[in-house]
Amino acid sequence: MFAPGANQLAAEFGITNSTIAAMTVSIYILGFAVGPLFIAPFSELYGRLIIYHLCTVFYFAFTLGCAFSTNTAMFLVFRFICGCAASGPMTVGGGTVADTTSEEKRGAAMALFSVGPLLGPTIGPVIGGFVTENTGWRWTFRIIMIMSGTLAIPSFYFLRETNGAIILERKAQRLRKETGNPHLVSKQGSTPRSRQTFSHSIVRPTKMLIFSPIVLLLSLYAGLIFGLIFLLFTTFPNV
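Counting along the sequence shown from 1, when you hit position 206 you're at 209 in my numbering, and nothing is skipped either side.
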């Protein structure tokens, strides 16, 4: 949504380097690459619900920061953190769909879940163009902030934990406390240690990227597509 306003931001902050000007848009997607490395293991340790809530709060706060940034460095840092926070729902969303739907209905649910990431880059710049033209680039972030804040309020009340292992482990912890029996464990066993989970979440994708041709090819394809999308976002406003 911000892409059409990149030129306005560059003019306001005096950005003359074309690479830095392009980074004001593309650094957001870098957060999508870095965020899941930490979000995925945290969701296995502490559940999906806390990830949704934390990512919502961080996204709201740093979108507010983007809207009121006063220099390029501040904007780039806030924009990167927004990307990391925005990657949260995409990282754990598939797991939530799997937790809450049967195998027969999971395909349709995943297709519906995938519509958001597909429509966002398509509709966002169109809306952002009108907003930027009439009210300026800062209002693109203010509108995003208002919408995310509005949607966050019911999510804090109605969303519940869906990770089965976390639910069972918390139930076992409650029973251990109530009964005084330290040997009670959940059916799936205790949750793994933090160091083990983090190392596993980083090493396993790296191994798959190196040793699995299909993963490598699909990753290269996805990287090419994302690169083309953001190349168009950063060049079309100049045409």
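In this text, a Cβ means the ideal position worked out from N, Cα and C, and glycines have one as well. None of the values given here were measured: they were computed from a predicted structure.
| Check | Outcome |
| --- | --- |
| Short Cβ contact (8 Å threshold) for Gly2 with Cys85 | Residue numbering for the chain in the displayed model covers 4 to 242; residue 2 lies beyond these limits and cannot be assessed. |
| Own chain partners of Thr66 with C-beta closer than 7 Å, once the 5 adjacent residues on each side are dropped | Cys85, Phe144, Ile147, Met148 and Ser151 |
| Phe5 in three-state terms, based on DSSP | coil |
| Euclidean distance between Cα positions of Leu234 and Ser158 | 34 Å |
| Uninterrupted alpha helix (DSSP H) stretches inside the segment 131 to 166 (no shorter than 4 residues) | 141 to 161 |
| 8 Å Cβ cutoff met for Met4 and Gly131 | yes |
| Three CB pairs or more closer than 8 Å across the segment 38 to 50 and the segment 202 to 215 | yes |
| Cβ pair Tyr62, Ala88 closer than 8 Å | yes |
| Continuous beta strand (DSSP E) assignments of at least 3 residues falling wholly in the segment 60 to 134 | none |
| Euclidean distance between Cα positions of Val115 and Gly97 | The sequence shown places Leu at residue 115, rather than the Val named in the question. Straight-line Cα distance between these residues: approximately 11 Å. |
| Thr22 - DSSP class collapsed to helix/strand/coil | helix |
| Environment of Met26 [buried if 16+ CB atoms lie within 10 Å] | buried |
| Met77 versus Phe83: straight-line alpha-carbon distance, rounded | 10 Å |
| Contact belief for Tyr55 with Pro92 at Cβ below 8 Å, rounded distance in angstroms | 7 Å |
| Straight-line Cα distance separating Leu227 from Ala168 | 36 Å |
| Buried/exposed call for Leu219, threshold 16 Cβ in 10 Å | exposed |
| Contact set for Phe45: own chain, Cβ-Cβ below 7 Å, skip 5 residues either direction | Ile54 |
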